[in-house]
Each structure stands twice: as C-alpha cells, then as structure tokens.
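Report on the following structure.
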Amino acid sequence: GMEVSYGNGKVVIQHGQRIVASGSRCGKLYRLNLFRATPGNSESLLTCGRIPKSLELWHRRFGHLNPKSLVKLIRDDMVVGLNQSVSDKDKDIVVCESCVIGKQTRKPFVTRETRASRVLEVVHSDVCGPIAPVGVEGK
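Under full-length UniProt numbering, the first residue of the sequence shown is numbered 1, with each subsequent residue one higher.
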C-alpha cells in the first residue's frame, strides 16, 4: 500500500521507498507534485483516451459535489485538466438521483395530545391473516 506523511506544511506519498507524490500546504489544501510512474513512451500513451466532460460525470467524480461549487471550480480554473465551459444556468442542470434520495427527509410522527391514564386504555396491534402456510401442529 501507500504511506502518506504530513508535517511542517508538507505531504509525502510513498509506495515502499519510492516517492509517488509530494506537495506543500496551500491554505486548507495540499498542492501535489506528481511524478511519472513509467517512462514516457508511445506504449503508455495507448491507454489515454478522451475523457467525457459532462457536468454530471464531474459531479460524481468529485464525490457528488453540489453543482454550484462544481461550476465555481470550473469557472475559476481551480482544477488542472478540467476544461469545461459552463454558465450560471449549468448549476441547475445536474440532477443526480443519489443526491435527491440522500436529501429526502422524513417528517416526525405526530405525538398525541393526550396520553393513556389507565392500563389498556389504548391498545395498538398489528392485524394479519388468515395465513396460508400451515403451522407445525397443523393450525
């Protein structure tokens, strides 16, 4: 696995003895300098393809970041390689089913104004039946 070390405003990511990335703190974030894992040759370029650039895809890649913040990342050129043109209307375009479900809330159960004052004054039960499978004793 990888080992990440933080200290004195610096971060170092190592795989064994090899440094994979290092960086320095910039505000609340760390800016990483990545090192090439393999020498640059034509074979390594064969795996590169066109990256789909839909806002919905970037929304998922950034951990379901809210669309307004995603548009800000793109507009302010805060992410290297995220070349996407956006407008203010685009923040309303991304509709993610997972995010909609995750934001749903449930209303609390209504509490009764009066409580039972005696035993068995209010009885709650679940009613079910008849049940088709026969029990152990044939009942």
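From the three backbone atoms N, C-alpha and C, an ideal C-beta is built for every residue, glycine too.
Y30 places its beta carbon 8 Å or farther from that of V12. Rounded to the nearest whole angstrom, the CA to CA distance from G16 to Y6 is 16 Å. Its chain contains V122 as the residues whose beta carbon lies nearer than 6 Å to that of A116, once the 5 sequence neighbours on both sides are disregarded; these appear in chain order.
With respect to G23, N33 sits close: the two C-beta atoms are nearer than 8 Å. Judged by DSSP in its simplified three-state form, L34 adopts strand. In the DSSP secondary-structure assignment, K10 is bridged to G7 and S24. In this structure, the beta-carbon distance from C96 to E56 falls below 8 Å. For S69, the uninterrupted alpha helix (DSSP H) segment begins and ends at P67 to R75.
For L29, the beta-bridge partners assigned by DSSP are C26. In this structure, the alpha-carbon of T105 lies about 33 Å from that of V79. From the listed residues L120, H64, G1 and G129, the smallest Cα separation to I19 is found for G1.
Residues of the same chain with a CB within less than 6 Å of the CB of R118, apart from the 5 flanking positions on each side, do not exist.
Listed in chain order, the non-local C-beta contacts of G81 below 6 Å within the same chain number zero, local neighbours out to five positions each way being set aside. Shown here, H59 sits in a helix according to DSSP, grouped into three states.
Secondary structure at I101: helix, using DSSP grouped into helix, strand and coil.
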